[in-house]
Amino acid sequence: MSITFEKVEHVYSEGTPFSYLALKGVDLSIIKGSMTAIIGHTGSGKSTLIQHLNALLLPTSGKVTIDEYVITKDEKPQTLKPLRKKTGLVFQFPEYQLFEESIEKDIIFGPINFGIPEEVAKQKAAEALEAVGLDKKYLEKSPFDLSGGQKRRVAIAGILVMEPEILVLDEPTAGLDPQGAKEMMELFKKLHEKGTTILLVTHDMNQVLTYCDHAIVMSDGQVVKNGTVQEIFADPEYLSKLSIELPMITSFIYRLNQNGFHLDPSMTTIDQLIEAIGGELK
Amino acid sequence: MKNMTLGRYLPYDSVMHRMDPRAKIMGLLLVLISVFFDAGFSGYFLIALFCYIALKLSKISLSYLIKSIKPMLFMMCFLAIINIFVMRTGEVLFMIGSFAIYTKAITQTAYIVIRLILIVAMTTVVTATTKPLDLTLGIEHLLSPFKRIGFPAHEVAMMISIALRFIPTLLEETERIMKAQASRGVDFKEGKLMEKISAIISLIVPLFISAFSRAEELANAMEARCYHPDAKRTRYKQLHWKIHDTLLIGSCLVLMVSLIAMSVIGTW
Numbered sequence: 000m001s002i003t004f005e006k007v008e009h010v011y012s013e014g015t016p017f018s019y020l021a022l023k024g025v026d027l028s029i030i031k032g033s034m035t036a037i038i039g040h041t042g043s044g045k046s047t048l049i050q051h052l053n054a055l056l057l058p059t060s061g062k063v064t065i066d067e068y069v070i071t072k073d074e075k076p077q078t079l080k081p082l083r084k085k086t087g088l089v090f091q092f093p094e095y096q097l098f099e100e101s102i103e104k105d106i107i108f109g110p111i112n113f114g115i116p117e118e119v120a121k122q123k124a125a126e127a128l129e130a131v132g133l134d135k136k137y138l139e140k141s142p143f144d145l146s147g148g149q150k151r152r153v154a155i156a157g158i159l160v161m162e163p164e165i166l167v168l169d170e171p172t173a174g175l176d177p178q179g180a181k182e183m184m185e186l187f188k189k190l191h192e193k194g195t196t197i198l199l200v201t202h203d204m205n206q207v208l209t210y211c212d213h214a215i216v217m218s219d220g221q222v223v224k225n226g227t228v229q230e231i232f233a234d235p236e237y238l239s240k241l242s243i244e245l246p247m248i249t250s251f252i253y254r255l256n257q258n259g260f261h262l263d264p265s266m267t268t269i270d271q272l273i274e275a276i277g278g279e280l281k
Numbered sequence: 000m001k002n003m004t005l006g007r008y009l010p011y012d013s014v015m016h017r018m019d020p021r022a023k024i025m026g027l028l029l030v031l032i033s034v035f036f037d038a039g040f041s042g043y044f045l046i047a048l049f050c051y052i053a054l055k056l057s058k059i060s061l062s063y064l065i066k067s068i069k070p071m072l073f074m075m076c077f078l079a080i081i082n083i084f085v086m087r088t089g090e091v092l093f094m095i096g097s098f099a100i101y102t103k104a105i106t107q108t109a110y111i112v113i114r115l116i117l118i119v120a121m122t123t124v125v126t127a128t129t130k131p132l133d134l135t136l137g138i139e140h141l142l143s144p145f146k147r148i149g150f151p152a153h154e155v156a157m158m159i160s161i162a163l164r165f166i167p168t169l170l171e172e173t174e175r176i177m178k179a180q181a182s183r184g185v186d187f188k189e190g191k192l193m194e195k196i197s198a199i200i201s202l203i204v205p206l207f208i209s210a211f212s213r214a215e216e217l218a219n220a221m222e223a224r225c226y227h228p229d230a231k232r233t234r235y236k237q238l239h240w241k242i243h244d245t246l247l248i249g250s251c252l253v254l255m256v257s258l259i260a261m262s263v264i265g266t267w
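One line per chain: the protein sequences are A and B, in this order.
Numbering that gives the first Met the number 0 puts the first residue of the first sequence at 0, with every later residue one more than the last.
Numbering that gives the first Met the number 0 puts the first residue of the second sequence at 0, with every later residue one more than the last.
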C-alpha cells in the first residue's frame, strides 16, 4: 500500500504555442502513514505534482498508483471519483471555495456529493469544525461573516469532514498569523498521528523540520531529492544551490559548528539544542 | 479552460504582428462591412481569399483558426436550422412533413453561416496578432476625435483594457475553483440536472465574490496612485504609422469597394 509515480510527465496546453512541460519524468514513492513535505521553488512543479494525487490532472505519460487506483492518461474521470474521497486536497487559499449560506451546509457539501446521508454528514461537520478550532455555534453562521483565518479553517474542515486517508495541503498556513499557523500545523500533526498520510507543500523549512518526517525536493519539474528530513538538511550546499534556506535551528547548528562546536545537525527542537550546547560548554 | 482559443494573442513575429493596431482595427471594420454586402458566393470567395492571405501573413495555422471557430459551431447549426424552416422566399424545393423548404432559404442560410465564419476568422487574425494593450491603445486613438463632442475615449479604452486584462485571471480563477470543488466531489461533466445546477452554483458564487473583491482592490490600488482619467499623460508606447499600414487599409478599402460594386451589379 503506497503512493508511487512512474515516469510521470505532464504537459500543459499540449499542441498550442503555450505548451509547457511541467513534470519531466517523475519517479517517486511516498510512504503511507508518513508526513512528507514537498519543497522547491515556485514553478518547480509542486502544484502540478499534487494535483495528480486525486486525478484532477491526468499524467500526459507515465502512471500514478495509489493503492488500488491506477491513474494514466486514458483513465475516465468517473472511475476516479472515489479516489477524490480517499485523497483530500486542500488548495492554496482554500477560503475562496466557500459558497453556501451557512457554514454547516458548506462543510457537508463534500460528504453529500460522495453520497453520505445528511444526518451523518451534519454530525461529522460539527466534529470537523471543532477539530479546526472553531466553536459549534458557528455552524449556523454565514461563512462570509468570518475573518480570513476563520474562513480558512472552515474550508479545511470541509475537506477533513470527508475523512480522507491521504491529506494533501498546498501551503495551508500562507497568510496566517504565527499563532494561527502553529495551531493549524498542530492539527495536521494530530491527524498524522491518527494514521492519515499527509503531504505538505510549504516554503517554511522550520515547519518541515518540526512537523515532517520525510521530504521531497523538486526543481525544474523533477524530483531531485527524496528522503528523511534529516537526510535532506544534511546537505546545506546542495540546498543553497536550489536557493532553499535551512531551518533556523539547523542553520544555527552549522554556524556554531563552523566556530568549533561539534553538535549533531539533526536536532529538531530548541530544547534539544539548548541541552546540547550546555553539554559542550561544561 | 486552457484550450480557449477565441480572442487569444499568439506571440509570433510576422508582418501582421508588426502592423499598427489602428490600421488593423480600421481594416477589420472595412472587411466586416464588406461581409454584409450581398455579393453572392463569388463575393464571399473573394473575402475568404483575402482572409486566407491575412492568415498566411500572420503565421497562424489554419488548424488553430478552425479550433477557434469550433465553439461557434453549435450556434451556427441552431441559426441555420431555424433559418431553413422559417424563410419563405423563392421556390419550394421539397417538403419535410408539412414544412416546405424554399430555395432562397437554403442560399440565405449558407450566406449566414459563411458570414459568421468569415467574421470569426478575420477577428481572430486581428486579436491573435495584436496584444490586448495595443488593441485598446489603437481603439483609444481612433476614438479620440470624438472627445470633442464629449465622448469619454480614455475611460472607454481604460475599461476595455481592464476587462481584457482580467479575462485570463478570471479563467484561471474559474479553473482553480472548479478543481477545488471537484476535490469535494463535484462532477461538472456528468450528473442529473439538479446536480448540475448545484455544481454551477458552487462555481459561480465563489467566482463572483472573488471578482468583486478583485475589482475593489484594483479600484483602491488605482486610487492610491491618484489615478484621474482627465490627467494629461504621456505614453511609453508610441504608435508609428508606416507604409505597410497604409497598404493594409488600402487593400481593405479595395476589397470593400469591389464588394459593394459586385452587390450593386448583382441586384441589377
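Quick reminder that beta carbons are idealized off the backbone N, C-alpha and C, glycines included.
Rounded straight-line distance, which links the Cα of residue j to that of residue i
i      : j      : result
R56/B  : V25/A  : Checking the sequence, you will find Leu at residue 56/B rather than Arg. Straight-line Cα distance between these residues: approximately 41 Å.
E117/A : G147/A : 27 Å
G216/B : H153/B : Residue identity differs from the one stated: residue 216/B is Glu in this sequence, not Gly. Taking the straight line from one Cα to the other gives about 21 Å.
V112/B : E174/B : 32 Å
V125/B : G194/A : 57 Å
Y19/A  : P144/B : 44 Å
Y11/A  : A54/A  : 15 Å
L272/A : S265/A : 10 Å
L22/A  : S60/A  : 10 Å
Listed by chain order, chain A residues near residue i by CB distance under 9 Å
i      : result
G184/B : K80, R83, K84, F108, G109, P110, I111, N112, F113, G114 and M161
S209/B : Y95
Proximal chain B residues relative to residue i, where beta-carbon distance stays under 9 Å
i      : result
P142/A : Within chain B, no residue comes near P142/A; the closest Cβ sits about 10 Å away, beyond 9 Å.
G157/A : R183
Sub-8 Å separation of residue i and residue j beta-carbons
i      : j      : result
A22/B  : D229/B : no
I70/A  : P81/A  : no
Q96/A  : A179/B : yes
T267/A : T209/A : yes
P205/B : S160/B : no
S33/B  : M255/B : yes
L134/B : V155/B : no
A79/B  : T108/B : yes
P163/A : N205/A : no
L29/B  : C251/B : yes
Listed by chain order, chain A residues near residue i by CB distance under 7 Å
i      : result
A179/B : F90, P93 and Q96
L9/B   : P16
Exposure label - residue i; buried when at least 16 CB within 10 Å
i      : result
G109/A : buried
L72/B  : exposed
M0/B   : Reliability fails at M0/B, whose pLDDT of 45 lies under 50, so the model's placement of it is uncertain and the value that follows must be treated cautiously. Per the 10 Å Cβ criterion, exposed.
D73/A  : exposed
G249/B : exposed
T233/B : exposed
G96/B  : exposed
M161/A : buried
I197/A : buried
E192/A : exposed
H51/A  : buried
L247/B : buried
P10/B  : exposed
N256/A : exposed
K281/A : exposed
P142/A : buried
From the options, residue whose alpha carbon lies closest to that of residue i
i      : options                        : result
G42/A  : S242/A, T209/A and S218/A      : S218/A
P70/B  : G89/B, V119/B and I83/B        : V119/B
H9/A   : L48/A, Q206/A and I37/A        : L48/A
H202/A : K45/A, F260/A, Y19/A and S18/A : K45/A
V263/B : V155/B, G42/B and A198/B       : G42/B
E99/A  : R7/B, S197/B, I83/B and V30/B  : S197/B
A181/B : S33/A, V63/A and G87/A         : G87/A
L79/A  : R183/B, R17/B and P167/B       : R183/B
I116/B : L31/B, L9/B, G265/B and K58/B  : L31/B
L238/B : F77/B, T129/B and Y226/B       : T129/B
A154/A : V7/A, A130/A, A275/A and K85/A : A130/A
R151/A : G114/A, I106/A and N112/A      : I106/A
Contacts of residue i in chain A (Cβ-Cβ under 8 Å)
i      : result
I176/B : Y95 and Q96
P205/B : Y95, Q96, L97 and F98
I200/B : F98
Contact list for residue i against chain B, beta-carbon separation under 8 Å
i     : result
Q50/A : K178
G87/A : S182
L55/A : K178, A181 and S182
Cβ-heavy atom distance, residue i to the ligand COA, below 7 Å
i      : result
D270/A : Absent from the structure shown: the ligand COA. Ligands present: none.
Cβ of residue i within 8 Å of any chain D Cβ
i      : result
K130/B : The displayed structure is made up of protein chains A and B, and chain D is not among them.
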